[in-house]
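Peer 1:
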Amino acid sequence: MQRDVGSLPLAPALRARLVAAGFQTAQELLDTGPCGLSKEIGISKEEALEALQVVRQECHSDATQTAGAPGTSRKCTALELLEQEQAQGFIITFCSALDNILGGGVQLTKITEICGEPGVGKTQLCMQLAVDVQIPECFGGLAGEAVFIDTEGSFMVDRVVDVATACVQHCQLIAEAHQEEDHLKALETFSLESILSHIYYFRCRDYIELLAQVYLLPDFLSEHSKVRLVVIDGIAFPFRHDFEDLSLRTRLLNGLAQQLIIIANDHKAAVVLTNQMTTRIGQSQSTLVPALGESWGHAATVRLIFHWDNNQRLATLYKSPSQKESTIPYHITPHGFRDVQPPAVTQNPEGTELNPRKRPRREEEK
Amino acid sequence: MAPKKLRRARLSQELCERLSRYQITTCQDFLCLSLLDLMKVTGQSYRNVQKLLCKVSLACAPKMQTAYEMKVRRAVNPSSAFLSTSLHGLDKVLHGGVPCGSLTEITSPPGCGKTQFCIMMSVLATLPVSMGGLDGAVIYIDTESAFSAERLVEIAGNRFPAYFDSDEKLFSMTRSIYLYRELTCGSVLKRIKSLEEEIISKKVKLIIIDSVASVVRKEFDTKLQGNLTERSNFLARGASLLKYLAEEFSIPVILTNQITTWLSNGLAIQADLVSPADDLCLSEGASGGGKRESGSVTAALGNTWSHSVNTRLILQYHDLPTRQILVAKSPVAPFSAFFYTVEKSGFVLQDGKDQTNLTWEGTNPALQNIKFPCSTWIYNQLCKTESGNVLIVAGLSKTESL
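Residue numbers (the numbering used here), protein chains in the order written: chain F, 1 to 366; chain E, 367 to 768.
Structure follows, in structure tokens:
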């Protein structure tokens, strides 16, 4: 109630007039009332009423925050956060080695960035994740939907069809082995058509379209509340040419990163970005580093770097708040993103549920 | 693709006038400002500014489609998704052929058959849909003056003798191939910008640029300061224009590229000249351990260009006259290789030497090693001496023997 008039979100001209007239706190404005305000400042009664409504709403939300109402405030204890994180799901990648180093898969409410050389499999992983987020809950998935924002034009529907068909077949195998009611019921709705219908695809041709789409994304996600994954394939491409003013580029990228963090948190979705590599020419050698500059490196919470070692594709977890840095090999098969060879024999009943190479052991026990 | 004026974003007239006083006339300018700047400039409250942002974004944002709608559209018109190359093995691996709506690049050492491939694809694009073509015109931008109309007619006559049985058919095919000779980067870019109208008026179904690398390398000497960024800018702008055209009209775009020497990490510290009489053959790259210790020949135009193209096909020499075509980068196909020869009728695949077991042997498409015969060419190379120093063998000569 003692909030300074200069900090209220009113139109700048109006604010300047209020300060010039001598108003200091929001309480003073509310006490004056619309008619008094309009006479003193010289604005119409409707404008005065509008301004007072804004002030009232601001003060109301301030008050609830200071009173500590749990619903609207963003405070919580670390214990509550721990429980939240443990209950949270992951989006699996069907490559168990990659899931392991990520701590279970791609995390919700965080931004994951995938950097890599051309042709190494970034778009393939994105397409795989767009299918995997839709796996029904009884199979260990999130039953969500996916938004795919494409800036490079490498999204091929035929490939997504292949990946989705393999995923459906895999779930069918599990259902046959377990023969449980809810598995069969889930399979009725989990088909190729439903998977494809729940991938919302946007093709952004330059950075303006990308900025516009990200501004509109919160509204879109409120309408489609089941979306759990937002993929931006190629965040680097639209920003890497036609930018003479690098400071504008940094500002736009930072704004974009902030908006994406807010979207990830508010809608409990995972945000996955793919980045290119660029050559940094040093004194005596040149190295490949992720594009978009040093400051962009702070935007993502988790950073994966995909690279080649002769003929083997490797994934390195480069930055993560909770997992150790490590490198694993992976393959891209006609069915999608997979492990290099059948993983080790250790049996963890829930863990091997979605292991693509092994059938669950339960059928032998029957 | 000029930035949209704010008037068309349905903002009120007086607001547009007020904004133009601050030099904000396009949606681009509007969206690039921060929220505080916008409040100052529009003179409105925070909430109203957010509503304005949504309005302007709606005017700029792309339309949503689900993957299912895309699939249905492809299923309704399957032949419009790919241009068949008439090489059966290659088509099978690429799920139909050269994809429509994206950029495909052909890279090879000189003399392997890039221009032959382009000429063959031009013929194929003009064929009717029943024969696997796109029944449309072709725009061929030639920067090296390598296009030969006689060869075009020869390939057409020998590859499809039953179809091109009369002169009339041959002439109608040649009439639908529009050839442009451009010799500088600027004129190439101007030509690409003008293509949008030509595609609609001439019903073009294929764009070929042969070759991007020659005109870029002529003008941009990357050893000079600042040229590297200018070159990347030019390439990125060209690539995004071509992608826009490819997607808007759903047509394939084929570009050709050249090769360059790739210098490994840990560059030359000393350079010793070795007598060119020594028979130095190009190493197969990646020999002995993970680190590349010797140079190799790879596709030119750098890393960023490798990101920009969607599909990369590499032609390389094998045992003359047999050559190899590799699928180095593709969103739908694994790494594969096929043998072919260049005949009167164009490319002919050798059957029986099926290379599908090469599925997991691909490597970085930007660094994929390209073989060429060392008995007829000696290029700049790197190799290691016993003392561990790195040499550069100078000399670009073509020996006439062998």
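We treat Cβ as the ideally placed atom computed from N, Cα and C, and that holds for glycine.
Using alpha carbons as the reference points, say which of Glu383(E), Arg525(E) and Phe600(E) lies closest to Cys551(E).
Peer 2: Here residue 551(E) refers to the residue found at position 185 when the second sequence is read from its first residue. For the residues Glu383(E), Arg525(E) and Phe600(E), the minimum Cα distance to Cys551(E) belongs to Phe600(E).
Peer 1: Determine the chain F residues that contact Leu419(E) at a beta-carbon separation under 7 Å, and present them in chain order.
Peer 2: By 1-based counting over the second sequence, the position of residue 419(E) is 53. Simply Tyr215.
Peer 1: Decide yes or no for the touch test of the segment 689-706 of chain E against the segment 166-180 of chain F: beta carbon pairs closer than 8 Å, at least 3 of them.
Peer 2: no
Peer 1: Using 8 Å as the Cβ pair cut-off and three pairs as the minimum, do the segment 662-673 of chain E and the segment 111-125 of chain F touch?
Peer 2: yes
Peer 1: How many angstroms separate the CA atom of Ala291(F) from the CA atom of Ser247(F)?
Peer 2: In the first sequence, residue 291(F) corresponds to position 291, counting from 1. In the first sequence, residue 247(F) corresponds to position 247, counting from 1. Their backbone Cα atoms lie some 15 Å apart in a straight line.
Peer 1: Taking just the CA atoms, how far does Val504(E) sit from Glu564(E)?
Peer 2: Counting from 1 along the second sequence, the entry for residue 564(E) is found at position 198. Counting from 1 along the second sequence, the entry for residue 504(E) is found at position 138. So the alpha carbons of these two residues sit roughly 11 Å apart.
Peer 1: Is Gln312(F) helix, strand or coil when you go by DSSP?
Peer 2: Within the first sequence, residue 312(F) is the residue found at index 312, counting from 1. DSSP places Gln312(F) in strand when its eight states are reduced to three.
Peer 1: Could you check if Glu113(F) is buried or exposed, using at least 16 other CB atoms within 10 Å of its CB as the buried criterion?
Peer 2: By one-based count along the first sequence, residue 113(F) stands at place 113. Label assigned to Glu113(F): buried.
Peer 1: Mapping DSSP to helix, strand and coil, what is Ser96(F)?
Peer 2: In the first sequence, counting from the first residue as 1, residue 96(F) sits at position 96. Three-state DSSP puts Ser96(F) in a helix.
Peer 1: Bridge partners of Arg280(F), per DSSP?
Peer 2: Here residue 280(F) refers to the residue found at position 280 when the first sequence is read from its first residue. BP columns for Arg280(F) point to Thr287(F).
Peer 1: Quick check on DSSP: helix, strand or coil for Thr473(E)?
Peer 2: The count along the second sequence starts at 1 and reaches residue 473(E) at position 107. Reduced to three states, the DSSP call for Thr473(E) is strand.
Peer 1: Between the beta-carbon of Leu686(E) and the beta-carbon of Ile617(E), is there less than 8 Å?
Peer 2: By 1-based counting over the second sequence, the position of residue 686(E) is 320. By 1-based counting over the second sequence, the position of residue 617(E) is 251. For Leu686(E) and Ile617(E), no; Cβs fall outside 8 Å.
Peer 1: Please check the pair Ile332(F) and Asn275(F), which I expect to be a contact at CB under 8 Å, by giving their CB distance rounded to whole angstroms.
Peer 2: By one-based count along the first sequence, residue 332(F) stands at place 332. By one-based count along the first sequence, residue 275(F) stands at place 275. Actually they do not touch by this definition, with Cβ atoms about 19 Å apart.
Peer 1: Given this structure, state the Cα-to-Cα distance separating Arg338(F) from Ser96(F), to the nearest angstrom.
Peer 2: Locating residue 338(F) in the first sequence gives position 338, where the first residue counts as 1. Locating residue 96(F) in the first sequence gives position 96, where the first residue counts as 1. Those two C-alpha atoms are separated by around 8 Å.
Peer 1: Indicate the three-state DSSP secondary structure (helix, strand or coil) for Phe202(F) in the structure shown.
Peer 2: For the purposes of this step, residue 202(F) is identified with residue 202 of the first sequence, where counting begins at 1. If DSSP states are grouped into helix, strand and coil, Phe202(F) belongs with the strands.
Peer 1: Are there 16 or more other CB atoms within 10 angstroms of the CB of Glu534(E), so buried, or fewer, so exposed?
Peer 2: As a first step, residue 534(E) must be located in the second sequence, where it is residue number 168. Flag for Glu534(E) reads exposed.
Peer 1: So what does DSSP say about Arg597(E), is it helix, strand or coil?
Peer 2: Along the second sequence, read from residue 1 onward, the residue named residue 597(E) stands at position 231. It is helical.
Peer 1: Could you please tell me which residues of the segment 579-609 of chain E, in chain order, have their CB closer than 9 Å to any CB of chain F?
Peer 2: So the close ones are Leu594, Ser598, Asn599, Phe600, Leu601, Ala602, Arg603, Ala605, Ser606 and Lys609.
Peer 1: For Cys115(F), list the residues DSSP reports as bridge partners.
Peer 2: Here residue 115(F) corresponds to residue number 115 of the first sequence, with the count starting at 1. Asn275(F) and Ile305(F).
Peer 1: May I ask you to verify whether the segment 314-331 of chain F touches the segment 100-110 of chain F, counting CB pairs closer than 8 Å and requiring at least 3?
Peer 2: yes
Peer 1: Throw me the rounded Cβ distance for the Asp150(F) and Asp245(F) pair, which I believe falls under 8 Å.
Peer 2: The residue you call residue 150(F) lines up with position 150 of the first sequence. The residue you call residue 245(F) lines up with position 245 of the first sequence. Not really, about 26 Å apart at Cβ, beyond 8 Å.
Peer 1: Below 8 Å on the Cβ atoms is my guess for Leu29(F) versus Phe23(F); work out the distance and round it to an integer in Å.
Peer 2: Against the first sequence, residue 29(F) aligns to sequence position 29. Against the first sequence, residue 23(F) aligns to sequence position 23. Going by Cβ atoms, the distance from Leu29(F) to Phe23(F) rounds to 6 Å, so yes, they are a contact pair.
Peer 1: Asp576(E) and Lys429(E) look like a contact to me (Cβ under 8 Å); what is the Cβ gap, rounded to whole Å?
Peer 2: For the purposes of this step, residue 576(E) is taken as residue 210 along the second sequence, with counting starting at 1. For the purposes of this step, residue 429(E) is taken as residue 63 along the second sequence, with counting starting at 1. About 34 Å separates the two Cβ atoms, so there is no contact after all.
Peer 1: Classify Cys138(F): buried if its beta carbon has 16 or more other beta carbons within 10 angstroms, exposed otherwise.
Peer 2: Mapped onto the first sequence, residue 138(F) falls at position 138. It counts as buried.
Peer 1: Would you please verify whether the beta carbon of Ala269(F) is less than 8 Å from any beta carbon of chain E?
Peer 2: The residue labelled residue 269(F) in the question sits at position 269 within the first sequence. No, Ala269(F) lies away from the interface with chain E (no Cβ there is under 8 Å from its Cβ).
Peer 1: For Val489(E), would you say it is in contact with chain F, using Cβ-to-Cβ distances shorter than 8 Å as the test?
Peer 2: On the second sequence, residue 489(E) is found 123 positions in, with the first residue counted as 1. Under the 8 Å criterion on CB atoms, Val489(E) is classed as non-interfacial with respect to chain F.
Peer 1: Can you check DSSP and say which residues form a bridge with Ala703(E)?
Peer 2: Counted from its first residue, the second sequence places residue 703(E) at position 337. Leu692(E), per the DSSP bridge assignment.
Peer 1: Report the neighbours of Asn669(E) on chain F: residues whose CB is nearer than 9 Å to its CB, in chain order.
Peer 2: The sequence position of residue 669(E) within the second sequence is 303, counting from 1. In chain order: Glu117, Pro118, Gln276, Met277, Thr278, Thr279 and Leu288.
Peer 1: Answer with yes or no whether the minimum CB distance from Ser320(F) to chain E is below 8 Å.
Peer 2: Indexing the first sequence from 1 puts residue 320(F) at position 320. No, Ser320(F) does not count as interfacial toward chain E.
Peer 1: Can you tell me whether DSSP reads Ile573(E) as helix, strand or coil?
Peer 2: The residue given as residue 573(E) occupies position 207 in the second sequence. Residue state, collapsed to three classes: strand.
Peer 1: In chain F, which residues lie with their C-beta within 9 Å of the C-beta of Met486(E)?
Peer 2: Walking along the second sequence from the start, residue 486(E) turns up at place 120. Here the premise fails: no neighbours, minimum Cβ distance about 24 Å.
Peer 1: Once DSSP output is grouped into helix, strand and coil, what is the label at Ala441(E)?
Peer 2: Within the second sequence, the letter at position 75 stands for residue 441(E). Here Ala441(E) sits in helix by DSSP.
Peer 1: Buried or exposed for Gly105(F), going by 16 or more other Cβ atoms inside 10 Å?
Peer 2: Stepping through the first sequence from its first residue, residue 105(F) is reached at position 105. Gly105(F) should be labelled buried.
Peer 1: Do the segment 602-609 of chain E and the segment 525-540 of chain E make contact, defined as three or more Cβ pairs closer than 8 Å?
Peer 2: no
Peer 1: Taking Cβ-Cβ distances below 8 Å as the criterion, which residues of the segment 611-626 of chain E are in contact with chain F?
Peer 2: Ala612 and Glu613
Peer 1: Contact criterion: CB-CB distance below 8 Å. Does Trp308(F) meet it with respect to chain E?
Peer 2: Taking the first sequence and counting its residues from 1, one reaches residue 308(F) at position 308. It does: the Cβ of Trp308(F) has a partner Cβ on chain E nearer than 8 Å.
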